[in-house]
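What follows is a single structure, written as structure tokens, with notes after it.
2 protein chains.
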Amino acid sequence: MSEDRRTELSELGEFGLIDTLTKEFKNINASSIYGIGDDAAVIRANDEESLLVSTDMLVEGVHFNLMYTPLKHLGYKAVVVNISDICAMNGAPEQITVSIAVSNRFPKEALEELYEGIKRACDFYKVDLVGGDTTSSLSGLMISVTAIGRAKNEDVVYRNGAKENDLLVVTGDLGAAYMGLQILEREKEVYKANPDIQPDLDGYDYLLERQLKPEARKDIIGFLKDLDVKPTSMIDISDGLASEIFHLCKQSNVGCNLYDEKIPIDTKVSTTAIDFNISPATCALNGGEDYELLFTVSQEDFDKIKGNPHMTVIGHMTDASSGKYLVDKQGAAFPLKAQGWNHFSDAAG
Amino acid sequence: MSEDRRTELSELGEFGLIDTLTKEFKNINASSIYGIGDDAAVIRANDEESLLVSTDMLVEGVHFNLMYTPLKHLGYKAVVVNISDICAMNGAPEQITVSIAVSNRFPKEALEELYEGIKRACDFYKVDLVGGDTTSSLSGLMISVTAIGRAKNEDVVYRNGAKENDLLVVTGDLGAAYMGLQILEREKEVYKANPDIQPDLDGYDYLLERQLKPEARKDIIGFLKDLDVKPTSMIDISDGLASEIFHLCKQSNVGCNLYDEKIPIDTKVSTTAIDFNISPATCALNGGEDYELLFTVSQEDFDKIKGNPHMTVIGHMTDASSGKYLVDKQGAAFPLKAQGWNHFSDAAG
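Going down the list, the protein sequences come from chains A and B.
Note that my numbering numbers the first sequence so that position 162 is 168, with each residue one more than the last.
Note that my numbering numbers the second sequence so that position 39 is 45, with each residue one more than the last.
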């Protein structure tokens, strides 16, 4: 490369970087229905069905810390985050490939634990491990998973289909994975200061489980089919609610009003967040890693999802020119800010 | 993990490790036609066609050295090694996903070079980049590519179909990529000893190109169709001829007689190998990274491939109990040894 220009990766952020690197690529094969820019690529399987392909890489020290992440949970989570992407396209996951790069400091037994977690996820989500690669690394552990799913062509849901007046719906509750991470980080610091002190994790089971062993909402895809609801747009929540709303709005060319008090937050998240001097809403908006689904439905479908214990209406889509707002209990509207995780500036260099 | 047992990864080797880690996995989805154990997984697309999925990970310091690997070539090669796996199933590559983990020491411009190489390979092989992941690493660069291809169900060629008396055929010539690596490593040492000395790479163009910018033999798949030849088994040569013959023999349950003097070796490989005090045959047998195709055909197809400039008959398959032999000019037979690359013991820890 020429020495006279150097743009730091942290200046671009992950999404800016992907846009920059891939802007020259054009799809030429008829089977490539949809490429970069959604939760998964869409590849034509036949006249009725498409295959969905999603890939994610987890890097030690960036995405996980082996000091408090059991390898079995790590294997499970590595599968889940990819299956979640297939669900976010309204498809059924069927296969995965798993590639790992690992340094010699790991014994075989450690990798067996990792694969035990991978197998548990495969069994639970009825997904087959069909391939992969195993190699050494000079330091640490990297896991790259590719998930392959299937959906009828007319069932595939993209990020770009939300319309003005559509309802914004989220599954489950938000912020717990983030608070789980805060607990683990706190206890790590305590341990580092004095290894004799036992970690105090009592009462935080829900938060820790959401961080260490998240689940993909494959069940929701079934519920939506049973309810005869096809979302107009969908995404999974990996980077935080606000960031995902930005993706839906940008790709669908709409705005959004999000109602603060509607955001589903577990009581344990709220109380722990307050202990940590963090606003519970901030955990939900910017915390990430909840792997819940965020989708929009036409108002006509409201009766079908009303009162469903797995789904909460948290806002509605507006005209793009109206912008994106967080509306509080008193009706005051504040511009929504997306503080998605920027790996290139937030992680240790 | 329990502390009382610890098996070093180097004791197992890559293939032993994969077997150990994946032995408990069973495929349950009807669409999973073939999983682990071939160049690519086979997934049913429809009644006529299958999708082929292959994935490989390249790790800095293990698979490439940025001191002498231009990033553009690295991007190209990362795509090629996966496309080669699709070709080895007798399929046509159509899509790839590319995930990279990269440390902050790389500026955006470096990644643009990498993606220029990726794009060049996509253009040349008519493959679409449809997805990926971009994240940071604590050190170095990792590239994980998944390639997706397509073949008619009846055209898919596995490693396990070779029969006794089938002819063993290899494309192109072997050993050049390995000798290219030896040249680069020698010049690296010279440079480290005295950075003022210019590297002496003159006259080694062919060897260097085979190492730094290998090609996948997509053309061969077309030639075989034109010749109306369907190989009985096939594999690509990534780890060296001997290691690949072992895979075909093991999975097809046959033996093999390989004729030393038939192995196609370029003159430049021979002369350079002798300069390096290496036997040219050893380069071909154990060198690896040639990305040529190795396949077996029924004797009935001999007339169709006889004299083809891209294909050389180098031996024939025998009964499994006969074993695997390298036969020299004088007719003496030596047991064939596979010294495939063991990442876990050969690479720096």
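Backbone N, C-alpha and C define an ideal beta-carbon position, used for all residues, glycine too.
This structure is a prediction, so every number in the text was calculated from the model and none was measured.
{"query": "Checking the sheet assignment: what are the DSSP bridge partners for B/Ile149?", "result": "B/Leu64 and B/Ile106"}
{"query": "Answer yes or no: do A/Val59 and B/Thr103 have a C-beta to C-beta separation smaller than 8 Å?", "result": "yes"}
{"query": "Whole angstroms is fine: what's the gap from B/Ala353's alpha carbon to A/Pro270's?", "result": "Summary for B/Ala353: the model assigns pLDDT 41, below 50, so the residue's position carries little reliability; its value from the coordinates is reported in the next sentence. About 50 Å."}
{"query": "Could you tell me whether any Cβ in chain A is nearer than 8 Å to the Cβ of B/Arg126?", "result": "no"}
{"query": "Count the other CB atoms, across all protein chains shown, that sit within 10 Å of the CB of A/Met95; report buried if there are 16 or more and exposed otherwise.", "result": "buried"}
{"query": "Whole angstroms is fine: what's the gap from A/Glu20's alpha carbon to B/Leu247's?", "result": "41 Å"}
{"query": "In chain order, which beta strand (DSSP E) runs of at least 3 residues are fully inside the segment 149 to 185 of chain A?", "result": "173 to 177"}
{"query": "If you measure from the beta carbon of A/Gly123 to each beta carbon in chain B, is any gap under 8 Å?", "result": "no"}
{"query": "Quick one: what does DSSP say A/Pro76 is sitting in, helix, strand or coil?", "result": "coil"}
{"query": "So, for B/Leu187: in the same chain, excluding its five sequence neighbours on each side, which residues have a beta-carbon less than 7 Å away from its beta-carbon?", "result": "Gln217"}
{"query": "Put A/Ser327 into one of helix, strand or coil per three-state DSSP.", "result": "helix"}
{"query": "Which one of B/Asn283, B/Gly293, B/Glu298 and B/Lys78 has the shortest CA to CA distance from B/Thr318?", "result": "B/Glu298"}
{"query": "On the three-state DSSP scale, how would you describe B/Ile243?", "result": "coil"}
{"query": "Which first and last residues belong to the alpha helix (DSSP H) in which A/Ser143 is found?", "result": "Taken as a continuous stretch (DSSP letters only), A/Ser143 belongs to no alpha helix (DSSP H), as it is neither H nor E."}
{"query": "In chain order, which beta strand (DSSP E) runs of at least 3 residues are fully inside the segment 222 to 310 of chain A?", "result": "239 to 242, 260 to 265 and 299 to 303"}
{"query": "Run down chain B in chain order and give the residues with a C-beta less than 7 Å from the C-beta of A/Arg12.", "result": "Pro113 and Glu115"}
{"query": "Given that a residue counts as buried once 16 or more other Cβ atoms are within 10 Å of its Cβ, and exposed if not, what is A/Ile34?", "result": "exposed"}
{"query": "Counting only runs that start and end within the segment 13 to 42 of chain A, where is the alpha helix (DSSP H) found for 4 or more residues in a row?", "result": "15 to 28"}
{"query": "Taking three-plus beta-carbon pairs below 8 Å as touching, is the segment 28 to 45 of chain B in contact with the segment 72 to 87 of chain B?", "result": "no"}
{"query": "Going by Cα to Cα distance, which pick from B/Pro99, B/Asn166, B/Leu57 and B/Asp91 is closest to B/Ala326?", "result": "B/Asn166"}
{"query": "Going by the beta-carbon positions, is the gap between A/Ile106 and A/Leu233 smaller than 8 Å?", "result": "no"}
{"query": "Per DSSP, what kind of secondary structure is A/Val392 in: helix, strand or coil?", "result": "Because chain A here runs from 7 to 355, residue 392 of chain A falls outside it and cannot be looked at."}
{"query": "Pull up the distance between the alpha-carbon of B/Asp242 and that of B/Ile39, whole angstroms please.", "result": "20 Å"}
{"query": "Measure the alpha-carbon distance for A/Gly81 versus B/Leu27 and round it to whole angstroms.", "result": "12 Å"}
{"query": "DSSP three-state label for B/Gly355, please.", "result": "Low per-residue confidence applies at B/Gly355: pLDDT is 30, beneath 50, and the placement is therefore not dependable, though the value from the model is reported in the following sentence. Three-state DSSP puts B/Gly355 in coil, outside helix and strand."}
{"query": "Alpha carbon to alpha carbon, what distance is there between B/His322 and B/Cys262?", "result": "6 Å"}
{"query": "Please state if the CB of B/Gly155 and the CB of B/Glu100 are separated by a distance shorter than 8 Å.", "result": "yes"}
{"query": "Which of the three DSSP states is assigned to B/Glu55 in this structure?", "result": "strand"}
{"query": "Count the other CB atoms within 10 Å of the CB of A/Ala36; is the residue buried (16 or more) or exposed (fewer)?", "result": "exposed"}
{"query": "What number of angstroms, rounded off, separates the C-alpha of A/Ile126 from the C-alpha of A/Cys93?", "result": "The identity of residue 126 of chain A in the sequence shown is Arg, whereas the question assumes Ile. Distance between the alpha carbons of A/Arg126 and A/Cys93 is about 18 Å."}
{"query": "Leaving aside the five residues before and after A/Lys169 along the sequence, list all residues of the same chain whose C-beta is less than 8 Å from its C-beta, in chain order.", "result": "Thr238, Ser258, Val260, Thr302, Ser304 and Met323"}
{"query": "By the 10 Å Cβ neighbour count, where 16 or more other Cβ atoms means buried, how is B/Glu250 classified, buried or exposed?", "result": "buried"}
{"query": "So that I know if they touch, is there some Cβ in chain A lying closer than 8 Å to that of B/Ala2?", "result": "Since the displayed chain B opens at 7 and closes at 355, residue 2 of chain B lies outside it and no answer follows."}
{"query": "Starting from the beta carbon of A/Glu20, find every residue of chain B whose beta carbon is closer than 8 Å, and list them in chain order.", "result": "Thr140 and Thr141"}
{"query": "Taking Cβ-Cβ distances below 7 Å as the criterion, which residues of the segment 84 to 105 of chain B are in contact with chain A?", "result": "Glu100, Gln101, Thr103 and Ser105"}
{"query": "Counting C-beta neighbours from all protein chains within 10 Å, is the total for A/Lys343 16 or more, i.e. buried, or is it exposed?", "result": "exposed"}
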